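So the structure is just underneath, and the comments pick up after that.
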Amino acid sequence: MSILKLDKVCYRYADAASNDYVFKNISYEFELNKTYAIKGKSGSGKTTLLSLISGLEKCVEGNIYFEDKNLKDMDLDKYRSKNIGIVFQSFNLLTHLTALENVILSMDISKTYKKEKKEKAYELLESVGIDKEKANRRVLKLSGGEQQRVAIARSLSYNPKIILADEPTGNLDKETENDILNIFKKLAKEDNKCIIIVTHSDNVAKNVDNVFELTKKGQ
Amino acid sequence: MYILKNAYLAIIRNKGRNILIGIIIVIIACACSVTLAIRSSAKNLISSYEDKYDIQATLEVSRENLMKDFNPSSENKEQGRKNMVEQFNNIESLTIENIENYSNSDYLKGYYYTNSINVNSSTLTKATSEITNTEDNRKRPDNMQMPDNISQADFTLTGYSSYDAMNDFITGSYTVSEGSISNDFSANNCVINSELATLNNIKVGDTITMTNPDDESKTYNLVVTGIFTQNSTDIEDRMDMFSKSANTIITNANFINNIVKNDSSVNYNITPTFLIKDKDSIEKFEAELKEKGLSEYLALRTNLDEVEGATSSISNLSTFATTFLIVTFSIGAVILFVINMINVRERKYEIGVLRTIGMKKGALTIQFIIELLIITIIGLLIGSLIGALISVPTANMLLKNEIESSQANIQNVNKNFGGKMFDGNEQGRPDMQNRNGINGIVNVEQIDSIKAVVDYKVLLKLFGIGVLLTLISSIASMISIQRFSPLTILKERS
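Just so you know, the protein sequences line up as chains W and F, in that order. If you read the first sequence in the working numbering, its first letter stands for residue 1485, the second for the next number, and so on. If you read the second sequence in the working numbering, its first letter stands for residue 50, the second for the next number, and so on.
Written as structure tokens, this is what we have:
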């Protein structure tokens, strides 16, 4: 059974001509316990599709369903803070906070945990390879790979069903890329998550269960 | 709760930016604090002046009402004039009962009065340039002639109900040169003019005997406690041998009231002075007097113009301070608004991240307002502390002349009364128990207390200004947070 369903989704920029779509009539279903890669050339709308799925943008035509509920009818802030974890290529962590504080803040916003947040945050960071000493460092004092691990830990902090990752390994070396991929695979298989990764990397595409390729101006 | 924690972390982890905002708030708070302190001082001064210069009112003949029916072009002009005089003569004299009735009013904070009777003496020689001439009304104009029902006499016995009523001594027209004015306002004490004392070889401690002009068997004994000198002269007596007050014997009003009570045939004059609570009470008190039966030919006359004139310069200072406060506030608001706008633009990325991970726009706006509020409160505390240090010498510099003149004034008045004014004895002031100082004279301590200019009221106002400034300058962040698209922000960042 699909957790996320795209139904004839179309998107064009607000200032574009009425027939100038980034993509048109995309239909697809994503399931739990699986990893997906969205591939495509630059400008094909990979990141835009991710934004639509995460509720950061709204589709022009068509619908997106999360657990059979149309995103158009949902509180998107709440949807993002409870059901969708987002990991960016540029990490997008709050640089004035420590790794631990970034994770706890995310928990606070989602209101998932009321007690033992600190212990849970340490646990999450530990699970992605960040020890206590590093967890208490400001994120700018961590390497790129470590920052991405913190971003993954943050996205897991409220136990979402779907993890969206936009070029998560784009800034990382091959070895770190594999480490991150292993974390995602483990999350899908052991924690029953749906992992959707936007990527250019063939290595990433080879390591996921399904590849969804976007072509220019269409599916 | 997490909003507060996040706001706190954002403040302490971005010290440079927040210190800059803090410095600007400190400067604004400092300027506002000084201005508010000056306003407060000016207000206190005005209130002090209002105590110093009571709104006094007395009753006088309403010539306007007397003449309103008189038509000079009428054929019956002479009859009209006679009617007018008749109306004047029919005005009933005020009595102590009238005064007590009128003064029983919520619109007054006190009253005092002066009464007088004519007396003779078989032992004293009247002070006049023509020793044999007993008629002292030679120079009076027609309208000043003694009424028929008042006996001609050599001396005037004038009584005052309290120190406050003794305006000639307060203003320095009269000065006690020997002895003092007794503060026992129920005893048979008196002070006499130095000229009369010299003429009759009277010393402080002597007893003088006065008589009823209509019945010389009725005598009134008075102990002389002081001798006064008249310092100023009227146009009328500049070329006279003796001053106008030479034959005036000054005692207390109770002494005269007792004479009148025991002898109803004695004619006496009574002049009340009402101390009106405030400006707004004047008309209400006047209406109340009419209700209580005051003749339509008597009117209330106040010294409101003089009182307002005395406070006008301070009012101007207060207005200037208010204008300065508005200018400071406006400039401060604009600067803070601009800085906050720059601040929000600088923190666009942070806004984008927080919005992406699901923080609501409202929560984010509240966090930004809390951050600014925390910085503002710290800035206000530091600013008001510095302001307090600056405003005290500033306000006191403005008050310096006032304090000095008040101190000099008190010393002078004390001297005029023979040094008995401020010995802590409140006797003889039954109607003035709750007042500070005497008719125009305020205690030095009262002026000194204005030194504490940055008080809780100023701090409360500053806090209000701070909250208002925070809200105004937060408009920038509120608008930006509503407008920013998190995706666009993060794309720009990438």
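Even for Gly, the Cβ is constructed at its ideal location relative to N, Cα and C. Just so you know, these numbers come straight off a predicted model, no measurement behind them.
- According to the DSSP secondary-structure assignment, F:D312 is paired through a beta bridge with no residue.
- Closest option to F:N232, judged by alpha-carbon separation, among F:G65, F:D213, F:L245 and F:I61: F:D213.
- Per DSSP, reduced to three states, the secondary structure at W:N1547 is strand.
- By the CB criterion at 8 Å, W:Y1549 and W:D1491 fall inside the cutoff.
- Residue pairing by DSSP places F:R350 opposite F:T107 in a beta bridge.
- Around the C-beta of W:P1652, 16 or more other C-beta atoms lie within 10 Å, and the residue is accordingly described as buried.
- Chain-order list of chain F residues neighbouring W:L1540: R404, T405, S534, P535, L536 and L539, by C-beta distance under 9 Å.
- When rounded, the separation of the alpha-carbon atoms in F:I219 and F:S211 is 12 Å.
- Per the DSSP secondary-structure output, W:Y1505 pairs with nothing in a beta bridge.
- Below the 8 Å Cβ cutoff, chain W contributes D1561 as neighbours of F:K409, in chain order.
- Using a C-beta cut-off of 8 Å, the stretch 1587 to 1604 of chain W makes no contact with the stretch 429 to 447 of chain F, since fewer than three inter-stretch Cβ pairs fall below that distance.
- Contact between W:T1582 and W:R1622 holds, since their C-beta atoms are separated by about 6 Å, short of 8 Å.
- Each of F:F291, F:E395, F:L173 and F:E337 was checked against the Cα of F:L157, and the nearest Cα belongs to F:E337.
- With a 10 Å radius around the Cβ and a threshold of 16 neighbouring Cβ atoms, F:N138 comes out exposed.
- F:C79 sits close to F:G436, with the two beta carbons spaced by under 8 Å.
- Taken through DSSP and simplified to helix, strand or coil, W:Q1631 comes out as helix.
- F:N169 is positioned such that its CB atom lies no closer than 8 Å to that of F:T300.
- The three-state secondary structure of W:Y1512, taken from DSSP, is strand.
- Contacts with chain W (Cβ-Cβ distance below 7 Å) from the stretch 387 to 403 of chain F involve E399 and V402, listed in chain order.
- For F:T300, no alpha helix (DSSP H) encloses it; the enclosing beta strand (DSSP E) starts and ends at T297 to N301.
- For F:V383, the closest alpha carbon among the candidates F:K341, F:S523, F:N270 and F:T274 is that of F:S523.
- In the DSSP secondary-structure assignment, W:M1591 is not bridged to any residue.
- Contacts with chain F at 8 Å (Cβ-Cβ) do not include W:R1496.
- Distance between W:P1644 and F:L413, taken at the CA atoms: about 22 Å.
- At a cut-off of 8 Å between C-beta atoms, F:Y51 counts as an interface residue with respect to chain W.
- Pairwise C-beta distances place the stretch 222 to 230 of chain F out of contact with the stretch 171 to 179 of chain F, as fewer than three of them are shorter than 8 Å.
- Burial check for W:K1677: the Cβ neighbour count within 10 Å reaches 16 or more, so the residue is buried.
- Contact between F:I104 and F:I363 does not hold, since the beta-carbon distance rounds to 16 Å and is not under 8 Å.
- In the structure shown, F:E345 adopts coil according to DSSP, grouped into three states.
- The distance from the Cβ of F:G129 to that of F:S123 is about 6 Å, consistent with a contact at the 8 Å cut-off.
- What F:A59 touches in chain W, judged by beta-carbon distance under 8 Å, is H1580, going in chain order.
- Contacts with chain F at 8 Å (Cβ-Cβ) include W:D1592.
- Neighbours of W:I1680 in chain F, taken as residues whose beta carbon is under 7 Å from its own, are absent, since the nearest beta carbon is some 16 Å off.
- Put simply, the backbone Cα of W:H1580 is about 19 Å away from that of F:M50.
- Segment contact: the stretch 418 to 426 of chain F against the stretch 512 to 521 of chain F, three or more CB-CB distances shorter than 8 Å; contact assigned.
- The DSSP-derived three-state label of W:A1498 is coil.
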